[in-house]
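Structure, as structure tokens:
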Amino acid sequence: MSQQYFNDSDVIKSVMDFNYTGNCTAEPFIIAYGIDKNFLYGCGISIASILLTNPGVPLEFHVFTDFFSDDDRSRFEALAKQYGTRIVVSMIDCEKLKSLPSTRNWTYATYFRFIIADHFAGKTEKVLYLDADIACQGSIQELVDLRFTDEEIAAVVVEGNTNWWQKRAVSLDTPGLKNGYFNAGFLLMNIPKWAEEGISVKAINMLRDPAVVSKITHLDQDVLNMLLVGKARYLDKKFNTQFSINYELKEQVVNPVSDSTVFIHYIGPTKPWHVWAAYPVSHAFLNAKQHSPWQRDALLSPANANQWRYAAKHYFKQKKYLAGVSGYLNYFMHKVK
Numbered sequence: 046m047s048q049q050y051f052n053d054s055d056v057i058k059s060v061m062d063f064n065y066t067g068n069c070t071a072e073p074f075i076i077a078y079g080i081d082k083n084f085l086y087g088c089g090i091s092i093a094s095i096l097l098t099n100p101g102v103p104l105e106f107h108v109f110t111d112f113f114s115d116d117d118r119s120r121f122e123a124l125a126k127q128y129g130t131r132i133v134v135s136m137i138d139c140e141k142l143k144s145l146p147s148t149r150n151w152t153y154a155t156y157f158r159f160i161i162a163d164h165f166a167g168k169t170e171k172v173l174y175l176d177a178d179i180a181c182q183g184s185i186q187e188l189v190d191l192r193f194t195d196e197e198i199a200a201v202v203v204e205g206n207t208n209w210w211q212k213r214a215v216s217l218d219t220p221g222l223k224n225g226y227f228n229a230g231f232l233l234m235n236i237p238k239w240a241e242e243g244i245s246v247k248a249i250n251m252l253r254d255p256a257v258v259s260k261i262t263h264l265d266q267d268v269l270n271m272l273l274v275g276k277a278r279y280l281d282k283k284f285n286t287q288f289s290i291n292y293e294l295k296e297q298v299v300n301p302v303s304d305s306t307v308f309i310h311y312i313g314p315t316k317p318w319h320v321w322a323a324y325p326v327s328h329a330f331l332n333a334k335q336h337s338p339w340q341r342d343a344l345l346s347p348a349n350a351n352q353w354r355y356a357a358k359h360y361f362k363q364k365k366y367l368a369g370v371s372g373y374l375n376y377f378m379h380k381v382k
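Numbering (the working numbering), first residue to last: 46 to 382.
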């Protein structure tokens, strides 16, 4: 029996449908994002990167957000028109989410993935959820062709190592996590099975349970890992190759991104749309930007003390000493304010 926590009529205030697919009748592969205003730039480029590297694959994109300006509307519509694709933007009423746990790094927008899963129940077989700080540099045909078994609720990519998995298993009191803990920034959902198992219902109920909240540190990601033990397929790390641009500040850094990488996930506070993120690992994002309606847009400058601090460190690493000094001066000025 299908179970949903969120009804469209309760959480979706309005919809903008930019459909430039023409007469294409092929069943599209659906990719969805759940974001707040801070990730709209990244989301647009993420979509562009997928379209750029997967010509000929019928795709459809859905963006769930609580903010969308007139300028955003013109850019996303231009992107759909440029690539002859369909981008649907759903405006979300977040009131039902604001009582759920949140942190500085994990806002209520992280729960949009549950709205996404419930929205597509009864409409399609599978949906790929992606974080907006992911850029594509390879073919996703393997995901398009993937067929779930009867028991699989999602396909995911593990993060960390066996030590991390064991720590998560203990802290979340879920022994099965010793065999793998996944990052929820990439989540290929088996929509009928997700609804049948009532994953959104169970997850939200857990997030309202003080006993569960006292254990979790990664909010819905922890809860999803607890719920999907033994019910998720582990995919190759090429589909969610995580790298923090701040790792570049280390004396020695191992970049896991290779020619076989499909999705680069730019974790951490420094993103490739920041002006101080000038490293080869940002190439996939910057290349997609050049082939998008954001082509002439400047990369983002620091907007707060924390960003000025990171910018200064990166400028010194890049031997841009004058910019580094200026960065630290701005950092201290923002701290004083």
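Glycine is no exception: its CB is placed at the ideal position from the N, C-alpha and C atoms.
* the segment 99 to 109 touching the segment 66 to 82, judged by at least three CB pairs closer than 8 angstroms -> yes
* Asked: Using a Cβ-Cβ cut-off of 6 angstroms (strictly less than) and excluding sequence neighbours within five positions of F51, which residues of its own chain qualify?
  -> Numbered from 1 along the sequence shown, position 6 holds the residue referred to as residue 51. Once the five neighbours on either side are set aside, the close Cβ partners of F51 are I160 and D163.
* Straight-line Cα distance separating I185 from D342 -> Indexing the sequence shown from 1 puts residue 342 at position 297. Indexing the sequence shown from 1 puts residue 185 at position 140. If I take the Cα positions, the gap works out to 27 angstroms.
* Asked: For V246, which residues from the same chain have a beta carbon less than 6 angstroms from its beta carbon, with the 5 sequence-adjacent residues on both sides left out?
  -> The sequence position of residue 246 within the sequence shown is 201, counting from 1. Hits under 6 angstroms: Q48 and Y50.
* To do: Count the CB pairs spanning the segment 231 to 240 and the segment 193 to 211 that are closer than 8 angstroms, and state whether there are at least three.
  => yes
* Asked: Would you call V215 buried or exposed, if buried means 16 or more other Cβ atoms sit within 10 Å of its Cβ?
  -> Numbered from 1 along the sequence shown, position 170 holds the residue referred to as residue 215. V215 comes out exposed.
* Asked: How is the beta strand (DSSP E) around K212 delimited, first residue to last?
  -> One-based indexing of the sequence shown puts residue 212 at position 167. Where K212 is concerned, there is no enclosing beta strand (DSSP E), although the alpha helix (DSSP H) it sits in stretches over T207 to S216.
* **Runs of beta strand (DSSP E) lying entirely within the segment 236 to 310, each at least 3 residues, in chain order** => 277 to 279 and 308 to 310
* Pull up the distance between the alpha-carbon of N291 and that of I249, whole angstroms please. => Residue 291 sits at position 246 when you count from the first residue of the sequence shown. Residue 249 sits at position 204 when you count from the first residue of the sequence shown. For N291 and I249, the distance between alpha carbons rounds to 33 angstroms.
* To do: Tell me, to the nearest whole angstrom, how far the beta carbon of K276 is from that of E197; I am working on the premise that it is less than 8 angstroms.
  => In the sequence shown, counting from the first residue as 1, residue 276 sits at position 231. In the sequence shown, counting from the first residue as 1, residue 197 sits at position 152. Yes, K276 and E197 are in contact; Cβ-Cβ is about 6 angstroms, under 8 angstroms.
* Does DSSP put K316 in a helix, in a strand, or in coil? -> In the sequence shown, residue 316 corresponds to position 271, counting from 1. Three-state DSSP puts K316 in coil, outside helix and strand.
* To do: Give the C-beta separation of I132 and L124 to the nearest angstrom, bearing in mind that I take them to be a contact with Cβ-Cβ under 8 angstroms.
  => One-based indexing of the sequence shown puts residue 132 at position 87. One-based indexing of the sequence shown puts residue 124 at position 79. Sure, about 7 angstroms apart at Cβ, within 8 angstroms.
* Taking the runs of the alpha helix (DSSP H) that are 4 residues or longer, which of them lie wholly in the segment 140 to 198? -> 157 to 164 and 186 to 190
* Asked: Going by C-alpha distance, which of A180, D55 and L331 is nearest N383?
  -> In the structure displayed, the chain extends from 46 to 382; residue 383 sits before or after that span and is not available.
* Asked: Which residues in the same chain as E261 place their Cβ atom closer than 6 angstroms to its Cβ, once the five residues preceding and following it in sequence are excluded?
  -> Counting from one through the sequence shown, the residue named residue 261 turns up at place 216. Sequence check: residue 261 is Ile here, not Glu. Contacts found: D267.
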